[in-house]
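Asker:
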Amino acid sequence: AHADESGVRVAGKLHWLHVMCTHLVTFYGIHTKRGRKAMDDLGVLPAFTGILVTDALASYTVHGDAAALCGAHALRELIAVTEDKHHDSAWAQAVIDVLIDAKDGVALALADGHDALAPEVPAGFQDRYRQATLCGIAAHPYTGTGPRSKARALAERLRDRTREYQRYMVNFGVPFDNNQAERDLRMIKVQQKISGSWRTLTGARRFARIRSYISTVRKHDINPLAALHDLFAGRPWMLPTTS
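When you read off a place in the sequence shown, starting at 1, and then add 5, the result is the number in the working numbering.
#1: Can you grab the Cα-Cα spacing for the pair G17 / Q136, in whole Å?
#2: From Q196 to P180, what does the alpha carbon distance come to, in whole angstroms?
#3: Would V24 pass as a contact of L206 if the rule is Cβ separation under 7 angstroms?
#4: Under the three-state reduction of DSSP, which class applies to S154: helix, strand or coil?
#5: From R168 to P241, what does the alpha carbon distance come to, in whole angstroms?
#6: If you draw a straight line from the C-alpha of N228 to the C-alpha of V222, how long is it?
#7: Quick one, which of T138, A107, G69 has its alpha-carbon nearest A95's?
#8: Using the C-alpha atoms, what's the distance from H28 back to A6?
#9: Using DSSP with H/G/I as helix, E/B as strand and the rest coil, what is Y33?
#10: With a threshold of 7 angstroms on Cβ separation, who are the neighbours of Y147 within its own chain once the five nearest residues in sequence on each side are excluded?
#11: Quick check on this structure: which residue in A99, D106, L74 has the alpha carbon closest to the alpha carbon of R172?
#12: Per DSSP, R214 forms a beta bridge with which residues?
#13: Tell me the rounded alpha-carbon separation between L163 and Y170.
#14: On a Cα-Cα basis, can you pick out the residue from G110, E82, T150, D60 that is closest to A97?
#15: Using a Cβ-Cβ cutoff of less than 7 angstroms, which residues in the same chain neighbour L80 once the five nearest sequence positions on both sides are dropped?
#16: Compare the beta carbon distance of I35 and R210 with 7 angstroms and say whether it is the shorter of the two.
#17: For C26, name the three-state secondary structure that DSSP assigns.
#18: Between which residues of its own chain and S64 is the CB-CB distance below 7 angstroms, once the five residues before and five after are set aside?
Written out as structure tokens, the structure is:
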């Protein structure tokens, strides 16, 4: 499953739109908080068992049986490091290369009908990844006082959360990125761009509930207008039990 969050305006103040989704279901929630309190109050993630794909926000780490971190987010951060001309960024390019090579290797294996890479292949990717992250830490020394640089913090996170960043290499059921959640967030962001904000928290939460229903029926190839017609006629569509 996937989770993400994005800032929205409600009654003139910053709130947070949370999305929790799979390829078959979408849940949107609006909350005044971004982190764990919001996730607990919305009630979906505390009950989730499985692998949760997210960005690196620390609040997500307590949910699910296992975590997978979005490779696309990591690539964007690494590309920003390569654009810094004041420091050696070869390590960042090396991490980019290994992440993309592993992603392409998984895609080829899937296309050939395999459910795993050959045993020696992940080990090669993992060794390249480890060497590159260690070079990144060495390229950005930290004296122990003051804040760490963004590049140093990124290199340390890539090293410390290696398993989460590499989960897609060893489990083909886990995607490389968190695009499912980002796609599901996009429509709400378009709504915000057009209308600017919601006037009340009650209205925002009602909107989120309606959009959760519409997004979910679309994932089951059901016409949203027909689904809404049936809903108000007293015949609400329900998730199949196999979902």
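Glycine included, every Cβ here is placed at the ideal spot set by N, Cα and C.
A quick note: this is a predicted structure, and the numbers were derived from the prediction, not measured.
Answerer: The answer reads as follows:
#1: The residue you call residue 17 lines up with position 12 of the sequence shown. The residue you call residue 136 lines up with position 131 of the sequence shown. C-alpha of G17 to C-alpha of Q136: approximately 47 angstroms in a straight line.
#2: Within the sequence shown, the letter at position 191 stands for residue 196. Within the sequence shown, the letter at position 175 stands for residue 180. When rounded, the separation of the alpha-carbon atoms in Q196 and P180 is 27 angstroms.
#3: Translated into positions along the sequence shown, residue 24 becomes position 19. Translated into positions along the sequence shown, residue 206 becomes position 201. Not in contact: V24 and L206 (Cβ atoms no closer than 7 angstroms).
#4: In the sequence shown, counting from the first residue as 1, residue 154 sits at position 149. Correct three-state label for S154: coil.
#5: Counted from its first residue, the sequence shown places residue 168 at position 163. Counted from its first residue, the sequence shown places residue 241 at position 236. Between R168 and P241, the alpha-carbon positions lie close to 42 angstroms from each other.
#6: Translated into the one-based positions of the sequence shown, residue 228 becomes position 223. Translated into the one-based positions of the sequence shown, residue 222 becomes position 217. So the two alpha carbons sit approximately 7 angstroms from each other.
#7: One-based indexing of the sequence shown puts residue 95 at position 90. The residue with the shortest Cα to Cα distance from A95 is T138.
#8: What you label residue 6 is simply residue 1 of the sequence shown in a count that begins at 1. What you label residue 28 is simply residue 23 of the sequence shown in a count that begins at 1. Approximately 8 angstroms, taken between the alpha carbons.
#9: Position 28 of the sequence shown, counting from 1, holds the residue named residue 33. Y33: strand per DSSP, three-state reduction.
#10: Mapped onto the sequence shown, residue 147 falls at position 142. Taking C-beta separations shorter than 7 angstroms and ignoring five residues to either side along the sequence, the partners of Y147 in its chain run R153, R157, following chain order.
#11: Numbered from 1 along the sequence shown, position 167 holds the residue referred to as residue 172. R172 has its Cα closest to that of L74, out of A99, D106, L74.
#12: For the purposes of this step, residue 214 is taken as the residue at position 209 of the sequence shown. Partner(s): none; R214 has no beta bridge.
#13: If you number the sequence shown from 1, residue 163 lands on position 158. If you number the sequence shown from 1, residue 170 lands on position 165. Roughly 7 angstroms separates the two Cα atoms.
#14: Your numbering for residue 97 matches position 92 in the sequence shown. Of the candidates G110, E82, T150, D60, the one whose C-alpha sits nearest the C-alpha of A97 is E82.
#15: In the sequence shown, the residue the question calls residue 80 occupies position 75. For L80, where only same-chain residues beyond five positions count, the Cβ hits under 7 angstroms are I101, L104.
#16: For this step, residue 35 is matched to residue 30 along the sequence shown. For this step, residue 210 is matched to residue 205 along the sequence shown. In this structure, I35 sits near R210, with a CB-CB distance shorter than 7 angstroms.
#17: Locating residue 26 in the sequence shown gives position 21, where the first residue counts as 1. Look at C26 here: in three-state DSSP terms it is strand.
#18: The residue given as residue 64 occupies position 59 in the sequence shown. Taken in chain order, the residues that qualify are G40, R41, M44.
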